[in-house]
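Undergrad: Per numbering that gives the first Met the number 0, the sequence shown starts with residue 0, numbered consecutively. Beta carbons: idealized from backbone N, C-alpha and C, even for Gly.
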Amino acid sequence: MYCSIPEIAEYLRMPVSQVQKYVLEGRIHSVYDGEQFLINKDQFTLYFKQLELIKEQIDEYRSEPLPPDRDIKDED
């Protein structure tokens with residue numbers, strides 16, 4: 000599904016100017032139809048999946064208990 004830059008900016012929750020900059024730099028793949036740049040919305044699906052996976056991994060890491068410190072000496 001191809002969308003215009005303003006539609007993609009809304010989808011990504013980014014400013015339109017930033018999406019335009021990324022398109023012109025080639026960081027976001029697009030097609031120019033003679034009037035406007037069109038961007039395939041599906042190219043961001045993998046990005047969002049990877050982002051969710053990373054968030055889950057961070058949450059798992061943060062929920063692990065800290066191991067006991069071996070350097071603590073009992074002074075009794």
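Secondary structure at I7, three-state DSSP: helix, strand or coil?
TA: Note: I7 maps to helix in three-state DSSP.
Undergrad: In the DSSP assignment, the beta strand (DSSP E) including I38 goes from what residue to what residue?
TA: Where I38 is concerned, the enclosing beta strand (DSSP E) stretches over 36–39.
Undergrad: Using the Cα positions of Q42 and M13, report the straight-line distance between them to the nearest angstrom.
TA: Their Cα atoms are separated by approximately 16 Å.
Undergrad: Taking the C-alpha atoms as reference points, what is the distance between S29 and P5?
TA: Roughly 13 Å separates the two Cα atoms.
Undergrad: Please identify the residue among Y46, Q49, I27 whose C-alpha is closest to the C-alpha of Y137.
TA: Here the chain covers residues 0 to 75 and nothing more, so residue 137 does not appear.
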